[in-house]
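S.K.:
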Amino acid sequence: MASSPAPSSPTLRGSSPPVEDLDFSSLPPIFVLPAHLSTDDLHDTEDQLQDHGAVLTYDINEAGLVIGKVGTKKRAQFELRSRGLWTEEAENMAAKSRQPEEGELRKKRARLSTLEKGPESVPASTGDSSTESETECQETGISRAMSGMSNPTSEVIVKGIELNTEPESGQPATSKDSEFGTSRASGKRSRDRTPPRQTESSNSVKVLRLQWLEDSFAQKRVLDIHRYVVYEGCTTKSPPGSGTSPRRQVSLPSPLKKLSPMSQHNLAERPYSPSILGRAQGDTTGAFQVAHYSSVNHAGRRFGDRGVPSQSTPRNAHQHPAKLLETTTSEYDGSDSDMPKSPDWVQRNLRYSCQRSTPANSPNNKFIEVLEKIKLARLLIGDEIGVRAYSTSIAAVAAYPYAINNPKEILRLPGCDVKLANLWIEWKNFGFVKEAEDDENNEELKGLKLFYDIWGVGATTARAFYKDKGWRDTDDVIEYGWNDLTRVQQIGLKYYDEFKLGIPRAEVESIAEKVREHAVRVRDEGIELMVVGGYRRGKAECGDVDMIISHRDLEKTAGLVSDIVASLETEGWITHTLTLSLTSTERGQSTLPFMSHGVASHGVGFDTLDKALVVWQDPTWPSMELDLVKNPQAKNPNVHRRVDIIISPWRTVGCAIIGWSGGTTFQRDLRRFVRATKGWKFDSSGVRDRGTGEVVDLEGPEGVSGDMIEAEKAVFKGMGLVYRPPTERCTG
0 MASSPAPSSP
10 TLRGSSPPVE
20 DLDFSSLPPI
30 FVLPAHLSTD
40 DLHDTEDQLQ
50 DHGAVLTYDI
60 NEAGLVIGKV
70 GTKKRAQFEL
80 RSRGLWTEEA
90 ENMAAKSRQP
100 EEGELRKKRA
110 RLSTLEKGPE
120 SVPASTGDSS
130 TESETECQET
140 GISRAMSGMS
150 NPTSEVIVKG
160 IELNTEPESG
170 QPATSKDSEF
180 GTSRASGKRS
190 RDRTPPRQTE
200 SSNSVKVLRL
210 QWLEDSFAQK
220 RVLDIHRYVV
230 YEGCTTKSPP
240 GSGTSPRRQV
250 SLPSPLKKLS
260 PMSQHNLAER
270 PYSPSILGRA
280 QGDTTGAFQV
290 AHYSSVNHAG
300 RRFGDRGVPS
310 QSTPRNAHQH
320 PAKLLETTTS
330 EYDGSDSDMP
340 KSPDWVQRNL
350 RYSCQRSTPA
360 NSPNNKFIEV
370 LEKIKLARLL
380 IGDEIGVRAY
390 STSIAAVAAY
400 PYAINNPKEI
410 LRLPGCDVKL
420 ANLWIEWKNF
430 GFVKEAEDDE
440 NNEELKGLKL
450 FYDIWGVGAT
460 TARAFYKDKG
470 WRDTDDVIEY
480 GWNDLTRVQQ
490 IGLKYYDEFK
500 LGIPRAEVES
510 IAEKVREHAV
520 RVRDEGIELM
530 VVGGYRRGKA
540 ECGDVDMIIS
550 HRDLEKTAGL
560 VSDIVASLET
570 EGWITHTLTL
580 SLTSTERGQS
590 TLPFMSHGVA
600 SHGVGFDTLD
610 KALVVWQDPT
620 WPSMELDLVK
630 NPQAKNPNVH
640 RRVDIIISPW
650 RTVGCAIIGW
660 SGGTTFQRDL
670 RRFVRATKGW
680 KFDSSGVRDR
690 GTGEVVDLEG
700 PEGVSGDMIE
710 AEKAVFKGMG
720 LVYRPPTERC
730 TG
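Read in numbering that gives the first Met the number 0, the sequence shown has 284 at position 285, and its numbers run on one by one without any break.
1) Can you tell which of Lys634, Ile656, Thr574, Glu527 has the C-alpha that lies nearest to the C-alpha of Leu608?
2) With a threshold of 6 Å on Cβ separation, who are the neighbours of Ala461 within its own chain once the five nearest residues in sequence on each side are excluded?
3) I'd like the ranges of any beta strand (DSSP E) spanning at least 3 consecutive residues and lying wholly in the region 629–654.
4) When you compare the CB positions of Val229 and Ala75, do they come within less than 9 Å of one another, or not?
5) Helix, strand or coil for Tyr722 per DSSP?
6) To the nearest angstrom, how far is it from the Cα of Ser561 to the Cα of His575?
7) With 16 as the cutoff for other CB atoms within 10 Å, does Ala539 come out buried or exposed?
8) Who are the Cβ neighbours of Arg745 in its own chain at under 7 Å, not counting the five residues just before and after it?
9) Looking at the unbroken beta strand (DSSP E) that takes in Ala675, where does it start and where does it end?
10) Please classify Trp418: is it buried, with 16 or more other beta-carbons within 10 angstroms of its beta-carbon, or exposed?
11) By the DSSP assignment, the alpha helix (DSSP H) with His225 in it spans what residues?
12) Which word fits Thr578, buried or exposed, when buried means at least 16 other C-beta atoms lie within 10 angstroms of its C-beta?
13) Can you give the beta carbon distance from Ala675 to Asp50, rounded, assuming they're within the 8 Å contact cut?
14) Count the CB pairs spanning the region 635–649 and the region 555–572 that are closer than 8 Å, and state whether there are at least three.
15) Does DSSP classify Thr44 as helix, strand or coil?
16) Check the C-beta distance from Trp620 over to Arg640 and give it rounded, since I have them as a contact under 8 Å.
17) Which of helix, strand or coil does DSSP assign to Thr619?
18) If you check the beta carbons only, do Gly692 and Cys654 fall under 9 Å apart?
19) Cys353 and Phe665: beta carbons closer than 9 Å?
20) Given that a residue counts as buried once 16 or more other Cβ atoms are within 10 Å of its Cβ, and exposed if not, what is Leu500?
21) With distances taken from CA atoms, which of Asn637, Thr86, Glu568, Gly533 is nearest Glu238?
22) Under a three-way DSSP split, which group does Glu233 fall into?
23) Counting C-beta neighbours from all protein chains within 10 Å, is the total for Gln218 16 or more, i.e. buried, or is it exposed?
24) Does the region 360–367 come within contact of the region 392–404, defined as at least 3 CB pairs closer than 8 Å?
25) Going by the DSSP bridge assignment, what does Leu375 pair with across the sheet?
26) Does the region 482–492 come close enough to the region 503–518 that 3 or more CB-CB pairs lie under 8 Å?
27) How about Asn635 and Pro618: do their beta carbons lie closer than 9 Å?
28) So, for Ile526: in the same chain, excluding its five sequence neighbours on each side, which residues have a beta-carbon less than 7 Å away from its beta-carbon?
29) Apart from the five residues just before and just after Gly571, which ones in its own chain have a Cβ nearer than 6 Å to its Cβ?
30) On the three-state DSSP scale, how would you describe Cys415?
31) Quick check on the burial criterion: 16 or more other C-beta atoms within 10 angstroms. Buried or exposed for Ser168?
32) Which value, in whole angstroms, describes the spacing of the CA atoms of Ala402 and Glu408?
33) State the start and end residues of the unbroken alpha helix (DSSP H) segment that holds Gly491.
34) If you draw a straight line from the alpha carbon of Thr678 to that of Ala611, how long is it in whole angstroms?
35) Expressed to the nearest angstrom, what Euclidean distance is found between the alpha-carbon atoms of Asp472 and Asn440?
36) Do the CB positions of Phe77 and Val54 come within less than 9 Å of each other?
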């Protein structure tokens with residue numbers, strides 16, 4: 000008889016509503032310092048700011064506010080300086096500005112006297128007027144950046160076609176959650192915001208303690224920033240020899256700078272708008288940009304900051320208006336009635352991919368393949384924000400049920416705007432996108448991709464191999480760095496070619512059945528197993544095999560992964576065990592604790608369940624007996640495979656299934672959705688309330704009475720989402 004499961008912790012059946020009255024939209028652009036924050040913490044903080052209307056920037060040169068775990072002026076100055084932003088304390092600058100040089104006083108008196116004579120006698124300026132802006136804060140300081148900016152509603156023009164920027168079906172005009180433009184969605188679509196003033200209106204930057212954000216959420220109001228200010232500085236020129244940034248940068252291939260007259264493209268000036276084109280205000284370098292490599296995640300963005308007008312231009316530099324590609328054919332003429340009716344999720348501006356169906360076979364797959372190439376390049380060079388931007392747009396295009404035949408269709412999609420429409424126009428006219436072709440043929444990116452494909456080597460390590468070590472191929476890694484590799488990386492290198500081979504569905508099923516056989520052997524017939532990952536989304540071939548194993552008796556899942564692995568190793572199915580984690584068993588198989596007093600949880604790690612990461616090889620082959628007679632040391636010809644065995648307690652198995660079944664963007668958006676709508680934190684071990692830290696019980700105290708799919712459906716229902724089968728979660 001199964002023992003009664005011990006309660007994991009206090010549980011909640013209701014939902015704790017999120018903080019709805021916080022609105023950071025009136026603040027100047029905000030940069031979040033990544034120092035002392037894990038990647039998950041950083042993303043969580045950025046997403047919380049975004050969900051409450053904040054304008055984020057990923058170029059510190061454009062920030063009016065910088066928030067982070069900083070406690071002293073000295074540290075704040077170092078963090079700014081290390082990211083290429085040179086400042087002097089505002090008090091010192093103010094003192095200097097009150098003591099102008101004699102020559103400057105004469106200039107000012109001369110200007111004053113000419114003004115008194117009237118407009119007819121004002122001479123043409125022959126001096127350099129930029130000196131003051133480079134050496135002192137503007138009189139109004141950061142308060143000017145906080146003030147509003149009046150912008151009349153503008154219209155989008157693509158080949159002379161007027162695009163009404165109002166949403167369909169009478170929906171209120173909103174700023175979509177575009178990763179490519181400048182405005183960030185606030186989560187309150189009915190709120191009409193005035194965009195903040197451009198950042199070049201102020202040379203002042205304030206560094207705040209992260210505690211300000213935590214306290215604002217705790218008190219459910221935007222607190223006054225002044226008592227949280229660690230440092231306020233005014234931008235200055237960088238010292239001689241320092242350059243604009245202390246970080247080393249290497250140019251990637253120059254994208255197409257000018258199209259020939261035969262290119263069928265013209266460039267048109269784009270007016271500012273708080274609507275569709277307003278979100279593309281950050282594209283200051285036009286449709287094609289000179290790219291730079293940077294190993295630092297939050298600098299040198301090659302593509303569209305989501306928060307402010309430019310991405311790497313110094314704040315005092317002249318800002319060029321963005322460009323919009325026009326078509327010169329009549330191909331895109333016609334009214335909106337000539338296009339298919341927008342799906343319901345487009346009309347309602349549902350920006351989370353977990354709110355819509357995304358099948359694997361999109362009618363726009365060819366265009367998506369081009370975008371995937373660009374996204375991969377962003378990943379390899381460390382442009383994490385660019386990766387998220389393209390991921391958001393790829394997911395929206397993949398969910399669109401019609402073949403796109405007009406750039407206006409792209410402009411209607413949440414998370415897509417002019418930048419993406421321009422890429423589509425180029426692809427439609429030429430059959431390729433120059434940027435994607437350059438990325439694919441670039442030797443440096445080829446080298447990074449070679450290292451990135453080694454199991455256990457991420458993009459950051461790949462860049463270290465290429466840039467810091469100077470390695471160019473796998474032979475270099477073996478010859479010069481073998482002893483410095485982790486065990487996972489050594490195995491990944493040893494079986495490099497084998498791991499790149501896809502695993503057919505039949506072989507996936509065979510491996511899963513063998514694992515289940517051994518799980519039953521070490522426990523009983525109550526074992527339940529489901530293959531997840533790409534297999535469950537319908538892929539013909541998988542890169543690895545992921546499976547969730549559970550048992551309705553809580554005691555039977557404790558330590559189960561160790562017993563399964565030991566049994567499989569005994570029969571020779573597992574050749575290497577690279578990771579064996581018992582994190583769930585060690586905490587009593589409860590949902591991962593949440594730091595309810597902070598902005599984000601800390602140290603979550605790769606996964607929160609018991610897990611084994613192993614190398615699999617079928618120990619038998621057809622000619623085995625004959626081969627061993629001829630040579631007792633005959634080599635097993637079967638391909639080595641990567642297998643993940645994950646154990647979940649039954650009471651949260653639905654969360655585990657969901658957490659391992661969706662595409663990457665689907666999973667990211669699911670976490671963002673429940674945070675924004677419920678105030679919850681979701682991971683594969685369960686759900687907790689962000690306000691109280693208590694477990695939110697979506698599957699019942701002992702789990703559902705049905706099967707694993709019923710458990711999964713219960714989680715969707717509890718989250719307020721329509722159930723989507725895994726084949727509709729193919730967001731990439």
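No residue lacks a Cβ here, since even glycine has one placed at the ideal position from N, Cα and C.
M.R.: Looking at the coordinates:
1) Ile656
2) Leu447, Phe450, Tyr451
3) Runs found: 640–646.
4) Yes, they are a contact pair.
5) Taken through DSSP and simplified to helix, strand or coil, Tyr722 comes out as coil.
6) 14 Å
7) exposed
8) In the structure as shown, the chain starts at 0 and stops at 731, and residue 745 therefore has no counterpart that could be examined.
9) Here Ala675 belongs to no beta strand (DSSP E); instead the alpha helix (DSSP H) covers 663–677.
10) In the sequence under discussion, the amino acid at residue 418 is Lys, which differs from the Trp named in the question. By the 10 Å Cβ count, Lys418 comes out buried.
11) Here His225 belongs to no alpha helix (DSSP H), and DSSP marks it neither H nor E.
12) Sixteen is the threshold: since fewer than 16 other Cβ atoms of the shown chains lie within 10 Å of the Cβ of Thr578, the residue is exposed.
13) 5 Å
14) yes
15) Three-state result, Thr44: helix.
16) About 14 Å; that fails the 8 Å criterion.
17) coil
18) no
19) yes
20) exposed
21) Per the sequence shown, the amino acid found at residue 238 is Pro instead of Glu. Answer by Cα proximity: Thr86.
22) Before going on, a small fix: residue 233 reads as Cys here, not Glu. Note: Cys233 maps to strand in three-state DSSP.
23) Label assigned to Gln218: exposed.
24) yes
25) Answer is none; Leu375 lacks a bridge partner.
26) The region 503–518 makes no contact with the region 482–492; the number of CB pairs closer than 8 Å stays below 3.
27) yes
28) Arg515, Ala518, Val519, Ile548, His550
29) Pro618
30) coil
31) The predicted position of Ser168 is uncertain, since its pLDDT is 42 and thus under 50; no value can be drawn from it.
32) 10 Å
33) 486–493
34) The identity of residue 678 in the sequence shown is Gly, whereas the question assumes Thr. Gly678 and Ala611: Cα-Cα distance of roughly 32 Å.
35) 16 Å
36) no
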